[in-house]
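Participant: Chains as they are written, first to last, in our numbering: chain H, 6 to 309; chain L, 6 to 309. Backbone N, C-alpha and C define an ideal beta-carbon position, used for all residues, glycine too. Below are the structure tokens for one structure; questions will follow.
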């Protein structure tokens with residue numbers, strides 16, 4: 006298949022990521038079908054799309070006319086047949102549940118035409134864990150986006166050992182056609198390129214805090230001051246959600262048998278137990294909506 | 006001792022860091038003595054100070070008059086007695102050789118007045134390894150700067166278990182008086198706060214490259230694009246020097262018995278063996294003076 010044969014994009018799952026990916030494709034003149042078995046989720050997705058297009062107009066990334074046209078190119082359905090029958094490329098953004106993902110892939114492998122390329126946006130599951138369910142192992146890879154997709158316009162393409170090389174090349178061209186910078190992983194790996202580095206940084210920050218080497222704020226301050234980043238590791242952890250971090254860290258501590266990871270998990274759990282889940286609960290390592298690291302005086306030096 | 010009793014700063018070692026710290030102190034109206042036993046090194050340091058002050062004037066950080074005054078407040082000597090007899094605070098920036106550092110501390114403990122606070126700018130040695138040689142264990146801690154000190158104005162204060170709490174507080178005030186943001190380590194630790202995180206990030210990047218998951222450029226691209234940093238891990242490694250990275254990584258691989266670290270060390274060694282030592286040799290992971298990651302098209306997407 007050539008890039009100009011890709012016209013119809015099927016998005017499975019109309020949550021935050023599915024909605025963003027769908028809108029991005031439609032802005033770049035693809036026909037988009039957003040499938041979700043929940044009408045409620047679809048309703049919320051429609052509202053998200055309106056909010057996103059308003060923000061994109063405000064920031065002058067698209068014109069009002071482009072926004073209008075993009076919205077008319079997005080179709081919603083809860084009917085799998087209607088969603089899949091004419092799709093050329095599918096992007097799946099369901100919850101990180103391998104059983105659920107496999108069930109949905111198995112359902113759509115019967116509905117979608119044989120040429121449809123299947124992709125997953127999963128952050129934690131390897132494509133080889135899902136490939137068999139797609140009924141087209143060579144036409145399947147991970148195509149992993151970063152929110153907000155029009156700002157962090159980086160996608161990572163992770164093949165599994167049986168993915169066709171041509172499919173990887175085509176996904177690279179497709180990514181570029183929706184103004185994403187493609188990073189091709191040369192092999193299936195336990196984690197994406199960016200996430201591997203981010204996790205290492207976050208683990209080191211948690212190691213420092215959980216061993217009482219320095220305070221959460223000082224650790225973020227040291228990182229932000231020296232790198233000019235607008236957010237430090239603990240700000241990032243608050244964004245991801247401390248319940249998620251606590252569970253994932255605890256899982257890896259057990260799998261890898263690493264004592265420091267267990268210490269990190271326990272440290273985060275103490276916040277979770279107090280209801281401090283990060284941004285979503287209004288409190289985590291920082292308090293929101295105005296966390297200290299955004300204060301203008303976060304780096305100021307007291308004058309004598 | 007109170008902050009206003011600190012007037013005379015003794016800098017031991019007139020290399021890059023000693024020169025920068027000395028100039029910074031003199032800009033903030035301290036009297037500075039730069040001690041080095043090499044006249045050649047002192048001559049180079051004088052040239053550095055002139056270059057730095059010109060840059061600081063150009064960037065409007067200081068006026069010409071301030072620069073002139075700062076330069077007159079810096080005294081050079083190769084005579085230890087002349088260097089140390091009236092010092093209130095010493096900052097040591099000798100090569101990372103514990104024997105050498107201890108010898109010099111032992112020499113100056115006899116010369117400096119009893120009230121002089123001793124500090125080390127060592128990046129890799131723990132203050133407790135050097136404390137006994139200072140003859141004043143309670144008045145000794147690490148005070149660790151980041152080059153360029155007037156841009157990356159972050160210092161980390163690392164006490165050892167016997168450092169007086171009052172000395173830590175005084176060093177914090179001193180750091181603020183020279184416009185540095187102080188990060189206090191609550192205990193002695195194997196590495197500084199910023200370095201712990203930077204090393205974790207760099208190790209993760211090397212892990213990805215040495216396992217052929219993605220290319221050096223794609224790994225930097227993924228990091229820089231998502232964080233908005235102007236340099237990625239491999240650019241940073243080139244700055245540090247690949248010979249240094251190869252040796253240090255190999256050392257830790259042996260100490261910790263970690264196979265991935267050994268793989269990382271071997272990966273870097275292949276560059277070193279080809280004479281690619283990083284910025285200083287003109288070639289490392291990138292080629293200098295115009296490395297690809299500074300190209301305007303490093304993130305551009307090809308148009309069809």
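How many Å lie between residue 210 of chain L and residue 260 of chain H at the Cα?
Facilitator: Computed Cα separation, rounded: 22 Å.
Participant: Check whether the Cβ atoms of residue 276 of chain H and residue 247 of chain H sit closer than 7 Å, and answer yes or no.
Facilitator: Their beta carbons are under 7 Å apart, which means residue 276 of chain H touches residue 247 of chain H by this criterion.
Participant: Report yes if the CB atom of residue 92 of chain H is closer than 7 Å to the CB atom of residue 50 of chain H, and no otherwise.
Facilitator: It is not a contact, given that the beta carbons lie outside the stated cut-off.
Participant: Rounded C-beta distance between residue 274 of chain L and residue 251 of chain L? I'm assuming under 8 Å.
Facilitator: The pair is a contact, with the Cβ atoms about 5 Å apart (cut-off 8 Å).
Participant: Do residue 285 of chain L and residue 291 of chain L have their C-beta atoms within less than 7 Å of each other?
Facilitator: No, Cβ-Cβ distance for residue 285 of chain L and residue 291 of chain L is not below 7 Å.
Participant: Check whether the Cβ atoms of residue 78 of chain L and residue 126 of chain L sit closer than 7 Å, and answer yes or no.
Facilitator: No. Outside cutoff.
Participant: Tell me whether the region 196 to 208 of chain L and the region 168 to 176 of chain H touch, counting them as touching only if at least three CB pairs, one residue from each stretch, are closer than 8 Å.
Facilitator: These segments do not touch.
Participant: Does the beta-carbon of residue 102 of chain L have 16 or more other beta-carbons within 10 angstroms, so that it is buried, or is it exposed?
Facilitator: With fewer than 16 Cβ atoms within 10 Å of its Cβ, residue 102 of chain L is classed as exposed.
Participant: Determine whether the Cβ of residue 58 of chain L lies closer than 7 Å to any Cβ atom of chain H.
Facilitator: Cβ-Cβ to chain H under 7 Å: no for residue 58 of chain L.
Participant: Can a CB atom of chain L be found closer than 7 Å to the CB of residue 125 of chain H?
Facilitator: Chain L, which has no Cβ nearer than 7 Å to the Cβ of residue 125 of chain H, makes this no.
Participant: Measure the C-alpha to C-alpha separation of residue 109 of chain L and residue 254 of chain L and round it to an integer number of angstroms.
Facilitator: Approximately 28 Å between the Cα atoms of the pair.
Participant: Determine the burial state of residue 105 of chain L: buried for a count of at least 16 other Cβ atoms within 10 Å of its Cβ, exposed for fewer.
Facilitator: So residue 105 of chain L ends up on the exposed side.
Participant: What's the C-alpha gap between residue 140 of chain L and residue 167 of chain L?
Facilitator: C-alpha separation (whole angstroms): 12 Å.
Participant: Can you confirm whether residue 202 of chain H, when its beta carbon is compared against all beta carbons of chain L, has any partner nearer than 7 Å?
Facilitator: Output row for residue 202 of chain H: interface = yes.
Participant: Comparing C-alpha positions only, which one of H:84, H:113, H:87, H:299 sits nearest to residue 96 of chain H?
Facilitator: When each option's Cα is compared against that of residue 96 of chain H, the closest is H:113.
Participant: When DSSP labels each residue in this structure, what does residue 96 of chain H get in the three-state scheme?
Facilitator: If DSSP states are grouped into helix, strand and coil, residue 96 of chain H belongs with the strands.
Participant: Against chain L, with Cβ distances strictly below 7 Å, would residue 217 of chain H count as a contact?
Facilitator: By this cut-off, residue 217 of chain H is an interface position.
Participant: Just reading off the alpha helix (DSSP H) that residue 79 of chain H is part of, what are its end residues?
Facilitator: Note, residue 79 of chain H: premise wrong, no alpha helix (DSSP H); beta strand (DSSP E) at 79 to 82.
Participant: Name, please, each residue of chain H whose Cβ falls closer than 7 Å to the Cβ of residue 224 of chain L.
Facilitator: Going along chain H in sequence order, the residues near residue 224 of chain L (Cβ under 7 Å) are 198.
Participant: For residue 283 of chain H, I'd like the list of residues in its chain whose CB is within less than 6 Å of its CB, leaving aside the five on either flank, ordered along the chain.
Facilitator: Once the five neighbours on either side are set aside, the close Cβ partners of residue 283 of chain H are 243, 246, 247, 289.
Participant: Around the Cβ of residue 185 of chain H, are there at least 16 other Cβ atoms within 10 angstroms (buried) or fewer (exposed)?
Facilitator: So residue 185 of chain H ends up on the buried side.
Participant: Per DSSP, what kind of secondary structure is residue 145 of chain L in: helix, strand or coil?
Facilitator: Residue 145 of chain L: strand per DSSP, three-state reduction.
Participant: Would residue 111 of chain L and residue 138 of chain L be called neighbours here (beta carbons separated by less than 7 Å)?
Facilitator: In this structure, residue 138 of chain L lies closer than 7 Å to residue 111 of chain L by Cβ.
Participant: In whole angstroms, what separates the C-alpha of residue 143 of chain H from that of residue 218 of chain L?
Facilitator: Whole-angstrom Cα-Cα distance: 20 Å.
Participant: Identify the continuous alpha helix (DSSP H) that holds residue 158 of chain H and give its terminal residues.
Facilitator: No alpha helix (DSSP H) contains residue 158 of chain H, which DSSP labels as neither H nor E.
Participant: Return the chain-ordered list of same chain residues with a C-beta closer than 7 Å to the C-beta of residue 12 of chain L, the five sequence neighbours on each side being excluded.
Facilitator: So the list reads 35, 36, 93, once near-sequence residues are dropped.
Participant: Strictly below 7 Å CB to CB, what residues from chain L border residue 269 of chain H?
Facilitator: Neighbours of residue 269 of chain H on chain L: none; closest Cβ ~12 Å, over 7 Å.
Participant: Which partner residues of residue 288 of chain H appear in the DSSP bridge assignment?
Facilitator: DSSP output for residue 288 of chain H lists H:283, H:292 as bridge partner(s).
Participant: For the region 227 to 246 of chain H, list every residue whose C-beta sits within 8 Å of some C-beta in chain L, in sequence order.
Facilitator: So the close ones are 227, 228, 230, 231, 232, 233, 234, 235, 238.
Participant: Which residues in the same chain as residue 131 of chain L place their Cβ atom closer than 6 Å to its Cβ, once the five residues preceding and following it in sequence are excluded?
Facilitator: Here the set comprises 193.
Participant: Take residue 133 of chain L and list the residues in its own chain whose beta-carbon comes closer than 7 Å to its own, dropping the five residues that flank it on each side.
Facilitator: Closer than 7 Å at Cβ, skipping near neighbours: 165, 166, 193.
Participant: Starting from the beta carbon of residue 157 of chain L, find every residue of chain H whose beta carbon is closer than 8 Å, and list them in chain order.
Facilitator: Simply 230, 231.
Participant: In its own chain, which residues sit with a C-beta less than 6 Å from the C-beta of residue 229 of chain L, not counting the 5 before and 5 after it?
Facilitator: Cβ neighbours of residue 229 of chain L beyond the five flanking positions: 237.
Participant: Starting from residue 187 of chain H, trace the beta strand (DSSP E) in both directions and tell me its first and last residue.
Facilitator: 186 to 189 is the span of the beta strand (DSSP E), which, as asked, contains residue 187 of chain H.
Participant: Would you call residue 151 of chain H buried or exposed, if buried means 16 or more other Cβ atoms sit within 10 Å of its Cβ?
Facilitator: The residue is buried, with at least 16 neighbouring Cβ atoms inside 10 Å.
Participant: Please decide whether residue 304 of chain H counts as near chain L, where near means a Cβ-Cβ distance under 7 Å.
Facilitator: So, interface residue.
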